[in-house]
Amino acid sequence: MLNAGGTASRAPQRADRGSRRRDCTRAGAHANIRTDHHPTGPLAGIPVDTLVTTQWLAANLGATELRVMDASFKMPGITPTAAESYCGRHIPGAVFFDIDRIADRDSHLPHMLPTAETFAREVGALGIGSNHRVVLYDQSGLAGAARAWWMFRVFGHERVAILDGGLRAWLAAGLPVDSTRVTPVPARFA
60 MLNAGGTASR
70 APQRADRGSR
80 RRDCTRAGAH
90 ANIRTDHHPT
100 GPLAGIPVDT
110 LVTTQWLAAN
120 LGATELRVMD
130 ASFKMPGITP
140 TAAESYCGRH
150 IPGAVFFDID
160 RIADRDSHLP
170 HMLPTAETFA
180 REVGALGIGS
190 NHRVVLYDQS
200 GLAGAARAWW
210 MFRVFGHERV
220 AILDGGLRAW
230 LAAGLPVDST
240 RVTPVPARFA
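Going by the numbering used here, the sequence shown opens with residue 60, and the numbers climb by one from there.
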């Protein structure tokens, strides 16, 4: 630390905290930590299968209650855009989860959480109903898929998972991709 004259001075010494500092390694140090606590709120009861494998998704791709979504996101100015990459190749049957569209459009900040009504309307238009199991993936990494997963959880949808490894893992497993535009049948998401 430099003083007003530009020479080094000693940092102020902290007062001895004495008995306030606890040895976390001693027996009984954590006796006041609750172990009977169960989480509540949007993250309560997260299913064990928050991640699904490429093998699981490939085996279940034709299930009527399953919906797959590409939730990729790229920074503005990067080409091709996430939507363009989705159009070039996606998991068969997947629809595109557009984080710019499924957001609070009244906010001056990007990607803010929409209202429950907006979220329900937008994902319903993408063919996602309350009874559907949703698997999200990203073209590179998992950030977009994780964000979309969180949004579904915030709005009470528990049947949502992320494809472990995303599109990269799908391609590495030699599984098919499609470039056909998917036209979803609107569903009721509540």
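Ideal placement from N, C-alpha and C gives every residue a C-beta, glycine not left out.
Predicted, not measured: the structure shown is a model, and the values here were computed from it.
Looking at the strands, I want to know which residues DSSP matches up with residue i.
| i | result |
| --- | --- |
| D237 | H149 |
| L222 | V111 |
Within the same chain, show all residues whose beta-carbon is closer than 7 Å to that of residue i, passing over the 5 residues directly before and after it, in chain order.
| i | result |
| --- | --- |
| A232 | T113 |
| I187 | R126, V193, A246, F248 |
| A142 | F155, D157 |
| L234 | T113, A117 |
Note down, in chain order, each residue of its chain lying with its Cβ closer than 6 Å to the Cβ of residue i, except the 5 sequence neighbours on either side.
| i | result |
| --- | --- |
| I221 | L110, L195, A204, W208 |
| P243 | V154, L185, G186 |
| A228 | T113 |
| H170 | I158, A162 |
| Q198 | S131, S144, L226 |
Tell me the DSSP secondary structure of residue i in three-state form.
| i | result |
| --- | --- |
| R192 | strand |
| A228 | helix |
| L125 | strand |
| F155 | strand |
| L172 | coil |
| S144 | helix |
| V244 | coil |
| L116 | helix |
| T138 | coil |
| G186 | coil |
If we ignore side chains and look at the alpha-carbon of each, how far apart do residue i and residue j end up?
| i | j | result |
| --- | --- | --- |
| R218 | M134 | 28 Å |
| L172 | D159 | 10 Å |
| F156 | Y145 | 10 Å |
| V182 | R212 | 13 Å |
| D165 | T177 | 11 Å |
| D129 | L168 | 23 Å |
| D108 | W115 | 11 Å |
| R180 | F214 | 12 Å |
| T123 | G136 | 37 Å |
| L230 | D223 | 12 Å |
Assuming residue i and residue j are in contact, meaning their beta carbons sit under 8 Å apart, how far apart are those beta carbons, in whole angstroms?
| i | j | result |
| --- | --- | --- |
| D237 | P139 | 17 Å between Cβ atoms; not a contact. |
By Cβ distance, which residues of its chain are closer than 8 Å to residue i, with the 5 residues on each side in sequence left out?
| i | result |
| --- | --- |
| R240 | C146 |
| T174 | D163 |
If we cut at 9 Å on Cβ distances, does residue i have a partner in chain C?
| i | result |
| --- | --- |
| D159 | Absent here is chain C; the protein component of the structure consists of one chain. |
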